[in-house]
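Have a look at the structure below, then the notes.
In full-length UniProt numbering, the protein residues as written are 1 to 535.
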């Protein structure tokens, strides 16, 4: 019998359920998008991206894993909105969208018709649309976490959600026809306490080791008026520009990488030379990270490669763990090869062949054959926004073994020697955010639990003191306290309450954390890069 769906051609952009195994090894049919089609002798392969899943799960699938009964063809895309009529420039914010659409509406209503014009929507429908856009534009976020990105705002619970008051929008009449809405800045109100009962309840449910945080006036509010940016820099040195994504960079181009005794399956696209992308295995020298096309070439290279550790200075060694500091200008070839390898497992960062402005800190594990790379982080020689990490990566064979926190702890140990507070460059990947949040939590709780009461009173500490002790930027300290729901507001001050569950969970986590940085084993002298003529 004729079945029409069997002869329908699946093209790029189609969406349909695809069979895959979940973490429990059970079958599931998530919706996926077809990114590419490959014709092989006798069959076809489809490269799919699972909607709402991380790109590292993208894969080539055979036709028998596709549910053709629920095939969705791609819709015709509307033209990209332009600014000032210039192609390629798009609005940068919802507020600009509102203002631009209002101006266009005014011009269309007042200007005489010239040739072919677009139909003007009715005023009632327009007002509904604009009100929706304006309300979305003035929706407030968390009050204390000024440096959190919008994508992470939902992760950090707001400390004072009820403190926002949205005032009526100011209306401005233009030519008597269109009302131009301009949202005023959101108002700020002090949160009031529910009464003494709430305070007693907090103390009853808290651990005896309760700390009181007094926040100076400058720390109470993190508005843009105090000089602190309301959002992190999204165009940093190694942050990728998502507007340049195309179908090529969305697909993995390396099948497998052999690095020493490990074979790695890349998660993302990396710009290795085109002639190497079709190989079943890409071979890397684990000491200099040079890429080669065959095992024979690798064996020949190893007879001539004199390195048995990363180039640069060894600035830390304890047991089998060592850290090497590598200057991106002095060791350009190694730095570029390291960036190419890292890009296989980092999606949100772009690759710059100009490695001169960066320092690379490579963590290695030593055995009789040499120093084997475990992970690394990079940082700018001069950071105007207190970034102490640009990219950070633990290679997949060493993940979930405590090396990620060790890298993070080492980056803050360097900041302590430099006498600065630091924060990682945003945006963080999903795994990076989990690692940093876990490290911040353990570090801050370790300090709070070691506080001793003075004169029989509850111990006291400020946000600035926590930041100075740990070298963690105060915005990250506040966001962590918010995430843990430790802060209670009462009579003009913030009270920290440590429940028994939090204390027990912290003690269990610290028992599992065997790898720690020993500051006595660190031999590091910071350089003032601002006074150097050239790097």
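Ideal placement from N, C-alpha and C gives every residue a C-beta, glycine not left out.
| Check | Outcome |
| --- | --- |
| Paired residues, beta bridge with residue 416 - DSSP | Residue 416 is not bridged to any residue. |
| Span of the alpha helix (DSSP H), counted from its first residue to its last, around residue 303 | 295-304 |
| Alpha carbon of residue 424 to alpha carbon of residue 56, nearest angstrom | 22 Å |
| For residue 249 and residue 41, the rounded distance between their alpha carbons | 26 Å |
| Closest Cα partner of residue 9 within the set 494, 333, 30 and 36 | 36 |
| Nonlocal neighbours in the same chain, by C-beta distance under 7 Å from residue 430, ignoring five residues either side | 54 |
| Closest residue to residue 481 among 512, 448 and 295 (Cα-Cα distance) | 448 |
| Assigned secondary structure, residue 504 (DSSP; H/G/I helix, E/B strand, else coil) | helix |
| Distance between residue 520 and residue 204 (C-alpha atoms, nearest Å) | Here the model assigns residue 204 a pLDDT of 31, short of 50, so the residue's position is not dependable and the matter cannot be decided. |
| Beta-carbon proximity list for residue 72, same chain, < 6 Å, skipping 5 on both sides | 15 |
| Supposed contact pair residue 397 and residue 262 - C-beta distance, whole angstroms, cut 8 Å | 5 Å |
| Buried versus exposed, by CB contacts within 10 Å (16 or more), residue 509 | exposed |
| Between the CA atoms of residue 52 and residue 143 - distance to the nearest angstrom | Because the pLDDT of residue 143 is 41, which lies under 50, any placement of that residue in the model is unreliable, and the question is left without a value. |
| Residues bridged to residue 326 (per DSSP) | 360 |
| Beta-bridge partners of residue 36, as assigned by DSSP | 47 |
| Span of the alpha helix (DSSP H) around residue 463 | 463-470 |
| Euclidean distance between Cα positions of residue 515 and residue 318 | 10 Å |
| Opposing strand residues paired with residue 57 [DSSP bridges] | Residue 57 pairs with nothing; no bridge assigned. |
| Secondary structure of residue 85, DSSP reduced to three states | In this prediction, residue 85 scores a pLDDT of 48, lower than 50, which makes its location untrustworthy; the coordinate-derived value is nonetheless stated afterwards. Here residue 85 sits in coil by DSSP. |
| Proximity winner among 280, 278 and 304, relative to residue 290 (alpha-carbon distances) | 304 |
| Endpoints, beta strand (DSSP E) assigned at residue 339 | Per DSSP, residue 339 belongs to no beta strand (DSSP E); it is in the alpha helix (DSSP H), 332-343. |
| Residue burial classification, residue 295 (beta-carbon count within 10 angstroms, cutoff 16) | exposed |
| For residue 270, three-class secondary structure by DSSP | coil |
| Residue span of the alpha helix (DSSP H) that contains residue 389, given as start and end | Where residue 389 is concerned, there is no enclosing alpha helix (DSSP H), although the beta strand (DSSP E) it sits in stretches over 387-389. |
| Any 3 or more C-beta pairs closer than 8 Å across the region 382-391 and the region 327-338 | no |
| Enclosing alpha helix (DSSP H) for residue 370 [first to last residue] | Element bounds for residue 370: not the alpha helix (DSSP H) but the beta strand (DSSP E), 370-380. |
| Nearest neighbour of residue 393, chosen from 25, 408 and 387 [CA to CA] | 408 |
| Helix, strand or coil at residue 403 [DSSP, three-state] | helix |
| C-alpha distance - residue 487 paired with residue 402, whole-angstrom precision | 29 Å |
| Between the CA atoms of residue 20 and residue 530 - distance to the nearest angstrom | 52 Å |
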